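The structure under discussion appears below in the form of structure tokens.
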Amino acid sequence: MPDLTTGLPTLVHFLASAAILAVCLRLDLRGTLSPIPFASLVALDYLFFFSIFPALGDVLIAEMLVPVRMTPATIALTLGGEALLLGAFYAVQAVGSKRQPFTLDISVTSAQLAVGWGALAFAFAFDLFPMLRALPSLPQMERPIWLAGATVLFFAMINRRLGRIGSLLFVMAFVAKFALLLRGGLASPAVSLCFVLASVLFVTRRWRLLAGIMALATILVLSYVPIKRVHNLLEGRRVTSAADVTLGRDDGPASLYRSLMLVTRRSTQGLLLQHVIDKTPSQIPYWEGSTLVNLVTNNVPRFLWPNKPEERLGNRFAAAYHLINDDDNETSWNVPWLVEFYINFGRWGALACMAAAGTVLGLVTRAITGRPLTVEHLALAGAVVIPLFHTESNVSLLAGNLIWVALALLAGFALARRIIPGPAAGA
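So that you can map any letter, position 91 of the sequence shown is 91 in this note's numbering, and since no number is skipped, the others follow by simple counting.
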């Protein structure tokens with residue numbers, strides 16, 4: 001068993017992270033600043049990935065790295081970055097706010113349902129016809145469009161606007177998509193879907209269902225090891241990600257404890273931050289914003305730029321910081337936002353970037369939501385904003401195509417309203 005007595009700084013870090021989460025939950029439950037619990041999800045994410053998991057793990061993600069613990073200075077950077085991101089997010093929501101709780105419109109029109117079903121059909125098309133994944137740009141929209149469609153139909157179902165047959169079809173589609181994701185070793189998208197649906201339940205105050213969906217997310221996280229093992233067996237154990245490096249050993253049957261430890265090694269974003277701070281800029285110079293250029297280029301569709309370079313930051317980062325073997329040109333390592341900001345601009349630059357990110361996220365949330373809060377607002381939030389609570393990968397990889405996703409959804413809702421006018425479904 002690992003030594004959980006990691007000192008006063010670790011305890012202070014945990015208590016401070018828990019306090020931030022408590023404040024965010026209180027503000028989101030009031031519903032006067034933000035219509036969605038995005039900040040609470042961010043605080044929950046930081047509590048686990050920058051505080052709890054680093055305290056549990058005695059090694060940094062993979063065996064090739066030396067054991068480290070977060071120093072007080074790194075803990076201060078983590079808490080400061082989190083506070084600035086969340087503070088900026090709420091501040092943008094507060095400007096010009098009526099300080100009245102958001103009201104919820106539970107009506108769902110036939111046009112909105114059509115968009116929901118169409119979004120699910122779009123996502124399943126890539127599973128039924130794998131050749132579609134060779135098309136430029138479209139495959140990157142599969143996951144957010146699926147999240148939007150699932151949000152619409154789930155909202156309609158829990159508010160009894162979908163009907164029995166529609167509800168049965170949605171549940172079947174939900175289970176089928178989950179099975180496809182897990183068979184492909186993609187536990188992360190399945191967990192993201194759980195949290196998007198949990199946000200809908202939070203907004204609608206369905207606490208029992210919320211507890212159930214959070215339990216499902218927990219089971220998925222603890223099942224990470226067997227999910228990846230099955231996928232590796234199906235794929236011939238080809239190493240293509242940091243997860244596969246971690247799971248490359250022959251551990252035998254994965255007990256709950258071993259699963260938790262392997263998930264911990266996979267998820268110690270706080271220790272990864274400590275690792276890069278130890279090496280930057282003393283051994284590796286600052287990247288000076290070069291990784292953020294892809295945030296612009298990724299928004300250019302590949303059909304307009306056929307020779308657009310592929311995103312390779314994960315492999316370049318892992319090689320630069322000796323997280324993989326020198327001859328490994330395949331393995332990609334996740335670069336969380338705070339880590340990316342630090343390797344580019346250092347401590348103060350990272351803090352400024354976190355404040356800027358919170359401001360942008362707050363502006364986007366204001367732009368795609370409104371009073372009263374409707375199912376269309378929730379669908380846009382579910383596709384564009386809520387998945388960004390878990391900033392496990394670099395900015396351009398997570399947010400590179402979200403402008404086009406938002407435009408596609410807005411166009412879809414507008415077109416559906418013109419083609420399918422009519423009263424609310426289930427009214």
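All C-beta atoms in this analysis are idealised placements derived from N, C-alpha and C, irrespective of residue type, glycine included. Bear in mind the structure is a predicted one, so any value in this text is a computation, not a measurement.
- Contact annotation, L77 with R347: C-beta distance approximately 6 Å; criterion of less than 8 Å satisfied.
- In terms of Cβ geometry, A148 and V108 do not form a close pair [threshold 8 Å].
- Between the stretch 172-180 and the stretch 410-423 there are fewer than three C-beta pairs closer than 8 Å, too few to call the two in contact.
- With contacts defined by Cβ atoms closer than 8 Å, A217 and F195 form a contacting pair.
- Between the stretch 358-365 and the stretch 75-94, the count of Cβ pairs shorter than 8 Å is three or higher; the stretches touch.
- Annotated as distal: W337 and A318, with beta-carbon spacing of 8 Å or more.
- For P189, the enclosing alpha helix (DSSP H) covers residues 187-204.
- Using a 10 angstroms sphere on the CB of Q112, the tally of other CB atoms reaches 16 or more, which defines it as buried.
- According to the DSSP assignment, S167 belongs to the alpha helix (DSSP H) that extends over 163-183.
- Residue state for L44 is assigned as helix, using DSSP reduced to three classes.
- DSSP, reduced to helix, strand and coil, places L409 within a helical segment of the structure shown.
- Of the candidates V405, H390, S34, S34 places its Cα closest to the Cα of F202.
- At the C-beta level, P372 and L104 come within 8 Å of one another.
- The three-state secondary structure of S107, taken from DSSP, is coil.
- Less than 8 Å separates the beta-carbon of N294 from that of G400.
- When the Cα atoms are used, L271 and L25 turn out to be separated by approximately 26 Å.
- Straight through space, the alpha carbons of A55 and S137 are spaced by roughly 40 Å.
- Residue state for S332 is assigned as strand, using DSSP reduced to three classes.
- In the DSSP assignment, K279 falls within the alpha helix (DSSP H) that extends over 269-279.
- DSSP places F102 in no alpha helix (DSSP H); its state is neither H nor E.
- The shortest C-alpha to C-alpha distance from L292 to any of Q274, T268, F345, R161 is the one to F345.
- In the structure shown, L153 falls within a helical segment according to DSSP collapsed to helix, strand and coil.
- Excluding its 5 nearest sequence neighbours in each direction, D326 has C-beta neighbours in its own chain below 8 Å: A319, listed in chain order.
- Contact annotation: P301 and W207 have beta-carbon atoms that are not nearer than 8 Å.
- Exclusion of the five residues before and after F50 leaves T78, Q269, G270 as the residues of its chain whose Cβ lies within less than 6 Å of its Cβ.
- In the DSSP assignment, the residues bridged to L373 are L104.
- C-alpha of I284 to C-alpha of A123: approximately 41 Å in a straight line.
- Around N298, the same chain offers S396, G400 as residues with beta carbons nearer than 6 Å, after the five sequence neighbours per side are excluded.
- Annotated as proximal: R30 and P101, with beta-carbon spacing under 8 Å.
- Around the beta carbon of I165, fewer than 16 other beta carbons lie within 10 angstroms, which makes this residue exposed.
- Pairing G81 with T74, the inter-Cα distance amounts to about 10 Å.
- A buried status is given to T10, since no fewer than 16 other beta-carbon atoms sit within 10 Å of its beta-carbon.
- One alpha carbon belongs to V335, the other to R418, and they sit about 43 Å apart.
- Between M70 and A114, the alpha-carbon positions lie close to 50 Å from each other.
- Taking C-beta atoms as the reference points, L41 and I386 count as a pair closer than 8 Å.
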